[in-house]
Amino acid sequence: MKESLPRIVPPGLPPARHTASRLPVGDPRSPAPHRASGRPDAGPSARFIGWNIIRTARFSPRNQEGREMATTKKFQDLLLAELSDVYSAETQIAEALPKLAQKVSASELRRLLEEHLQETKGQIARLDKAFAALGAKPEAKTCKAMQGLVAEADELLSAGLAPEVLDAALIAAAQKVEHYEIASYGSLKAYADACGLDAVADLMDETLREEKATDEKLTAVATSTLNASAVQASVG
Ligand SMILES: [Fe+2]
Numbered sequence: 011m012k013e014s015l016p017r018i019v020p021p022g023l024p025p026a027r028h029t030a031s032r033l034p035v036g037d038p039r040s041p042a043p044h045r046a047s048g049r050p051d052a053g054p055s056a057r058f059i060g061w062n063i064i065r066t067a068r069f070s071p072r073n074q075e076g077r078e079m080a081t082t083k084k085f086q087d088l089l090l091a092e093l094s095d096v097y098s099a100e101t102q103i104a105e106a107l108p109k110l111a112q113k114v115s116a117s118e119l120r121r122l123l124e125e126h127l128q129e130t131k132g133q134i135a136r137l138d139k140a141f142a143a144l145g146a147k148p149e150a151k152t153c154k155a156m157q158g159l160v161a162e163a164d165e166l167l168s169a170g171l172a173p174e175v176l177d178a179a180l181i182a183a184a185q186k187v188e189h190y191e192i193a194s195y196g197s198l199k200a201y202a203d204a205c206g207l208d209a210v211a212d213l214m215d216e217t218l219r220e221e222k223a224t225d226e227k228l229t230a231v232a233t234s235t236l237n238a239s240a241v242q243a244s245v246g
C-alpha cells in the first residue's frame, strides 16, 4: 500500500492548494480562479514561496524526476542567497566586535566577546568552504537586519549608561545577533539537508553549535553577575 507522505503546514499559514481544492465552493480559503492567460493564479500561499520550495523539494513524487531536479536548482539558489546574507552578517560582526569589546567593563564579558571574534573569523572561513562546495564564489549580500542590530548596539555606546548597565545592555545586543545567526544557520543546515548536501550541512551545523554555545555563555554571564551589578549600580 502506498504510504501517504506527511503534510507539514506551519501554524498561521494558509492551506496548501491541494487542500484548498477540497474546500466547499465559495469557501474564502478556496484558491483564486485561473487568470485569462490560462495560467493558475499564484494565490495567497505564493507569499510563502520559501516554505513551498522546501515542501516540494522534499516530497516531490519520484516519477517526476525532471521537475524535482529543476526545483532543487531553485532551492539551491535560495541556499546561496541565504549564504550571501549570513556572509555579510558575519563580516559586519567581525568589524563591530572589537569596538564593543573595548567598551565593556566586565573582564569576563570582554573575554567572551574577544573569543567570539576569533570564532567569527572561523565561521567566515567555513562559509568560504560552503560556497566552494557549491561551486560558487563567496559573495556578501548586505544583511540589513545585521546593519540594524549593529546600529542599535552603537546607539547604546552613546546613551550615557552607567558602565554596569551598558554591560547588561550589550549582552542583550549580542544575544540578538546570536539569535539572528542561529535562525540563519538553522535554516541553512535544513536547506542543505533537504538538498542532500551533507558537507555543507555539516559546516552549517558546526557554526550553529558555536552560536548556540555563545548565546548560552552570554546568558550565564548576565544572570550570574552582570544583571545584578547593573541593578546595584542603578540603585546606588
Ligand atoms: Fe557568527
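When you line the sequence shown up against the numbering used here, it's residues 11 to 246, in that order.
Positions of the beta carbon are idealized from the N, C-alpha and C atoms, including for glycine.
task: Any chance you could list the alpha helix (DSSP H) runs of at least 4 consecutive residues sitting entirely within the stretch 85-146, in chain order?
output: Runs of alpha helix (DSSP H) with 4 or more residues, each lying fully within the stretch 85-146, are found at 117-143, listed in chain order.
Bounding residues of the alpha helix (DSSP H) (the contiguous stretch that carries S194):
Counting along the chain, the alpha helix (DSSP H) containing S194 begins and ends at 173-205.
Open item on the list: Give me the residue from E226, V231, Y195, D215 with the minimum Cα distance to E174.
Closed with: Nearest C-alpha to E174: V231.
Next item on the list: Please state whether DSSP places K222 in a helix, a strand or coil.
Entry: Correct three-state label for K222: helix.
Check whether the Cβ atoms of I181 and E221 lie closer than 8 Å to each other. Not a contact, by the Cβ cut-off of 8 Å.
| query | To the nearest angstrom, how far is it from the Cα of S94 to the Cα of A150? | reply | Rounded to whole angstroms, S94 and A150 show a C-alpha spacing of 5 Å.
**Option in V245, L207, A140, E105 with minimal Cα separation from Q157** = Comparing alpha carbon positions, the residue from V245, L207, A140, E105 closest to Q157 is E105.
CA-to-CA distance, K84 to V114, given in whole angstroms: For V114 and K84, the distance between alpha carbons rounds to 44 Å.
**Prompt:** Under a Cβ-count criterion, where at least 16 other Cβ atoms within 10 Å of its own Cβ denotes burial, should R136 be classed as buried or exposed?
**Reply:** So R136 counts as buried.
Contact belief for V187 with L213 at Cβ below 8 Å, rounded distance in angstroms: A Cβ-Cβ separation of about 20 Å leaves V187 out of contact with L213 under the 8 Å criterion.
Inset, instruction - State the DSSP-derived secondary structure class of K227, mapped to helix, strand or coil. - result: Annotated three-state conformation of K227 is helix, per DSSP.
Just how far apart, CA to CA, sit G53 and A204? Unreliable placement is indicated for G53, whose pLDDT of 38 sits below 50; the coordinate value is still reported in the next sentence. Spanning the alpha carbons of G53 and A204 requires a straight line of approximately 25 Å.
Cβ-Cβ distance between A111 and A172 below 8 Å: Pairing A111 with A172 gives a Cβ-Cβ distance that is not under 8 Å.
Could you name the residues of the same chain whose beta carbon sits closer than 6 Å to that of A240, not counting the 5 residues immediately before and after it, in chain order? Result list for A240: E174, V175, A178, in chain order.
Checklist line | Cβ neighbour criterion (16 or more within 10 Å) applied to Q102 | finding: Burial call: buried.
Practice prompt. Might you give, ordered along the chain, the residues of its own chain that have their beta carbon closer than 8 Å to the beta carbon of A143, omitting 5 neighbours on each side?
Written response: Cβ within range, chain order: L207, A209, V210, L213.
Tell me whether the beta-carbon of L228 lies closer than 8 Å to the beta-carbon of L127.
No.
Q) Can we count Q185 as close to ligand 1, meaning its CB is less than 7 Å from some heavy atom? A) No.
Practice prompt. Measure the alpha-carbon distance for T224 versus E162 and round it to whole angstroms.
Written response: Each residue's alpha carbon lies about 20 Å from the other.
Q) Got a sec: does ligand 1 put a non-hydrogen atom nearer than 7 Å to the Cβ of I192? A) Result no, Cβ not under 7 Å from ligand 1.
Do Q133 and ligand 1 come close, with the Cβ less than 7 Å from some heavy atom? Flag set: Cβ of Q133 near ligand 1.
| query | Which residues in the same chain have their Cβ closer than 6 Å to the Cβ of Y201, if we skip the five residues on either side of it in sequence? | reply | Closer than 6 Å at Cβ, skipping near neighbours: L89.
Check: If you compare alpha carbons, which of E216, G145, T233 is closest to E129?
Finding: For E129, the nearest C-alpha among the options comes from E216.
Discussion item. I need the boundaries of the alpha helix (DSSP H) containing K154, first residue and last residue.
Written reply: Element bounds for K154: 154-167.
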